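For reference, the structure is listed below as structure tokens.
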């Protein structure tokens, strides 16, 4: 049996959105941001059936009440027009997906 992913509201917390977010749009943004976070990259294009745009890794941690995590901003085009979404990946979601950033390899000494 395939594992079911956690619901989007556990993985992503939206700080601002000029467009209404559907669960599918939220999961698409989450996946792009999650990939950026793991790789440490700055920008990733995002596309879907009803979505195009870019997700930017702001390379900052933010906290809103008890929720904290790395911050992202998406510039998107949907069937409803263009918009901006600012959001964070929740620490709880990152822990659930075991997405801790990779530590740099330790140097090997010759002795």
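Numbering (the numbering used here), first residue to last: 1 to 111. From the three backbone atoms N, C-alpha and C, an ideal C-beta is built for every residue, glycine too. None of these values were measured; they are calculated from a predicted model.
query, result
"The segment 62-70 in contact with the segment 43-52 per 3-pair CB rule at 8 angstroms", "no"
"Residue environment, residue 29, which counts as buried when at least 16 other CB atoms sit within 10 Å", "buried"
"Short Cβ contact (9 angstroms threshold) for residue 112 with residue 84", "The requested residue 112 is not part of the displayed model; the chain covers only 1 to 111."
"Length of the line joining the Cα atoms of residue 88 and residue 11", "9 angstroms"
"Contact with chain B by residue 8, beta-carbon distance below 9 angstroms", "Checking the listed chains, one finds no chain B in this structure; it contains a single protein chain."
"Where the beta strand (DSSP E) through residue 23 begins and ends", "Counting along the chain, residue 23 falls outside any beta strand (DSSP E), though it belongs to the alpha helix (DSSP H) covering 23-39."
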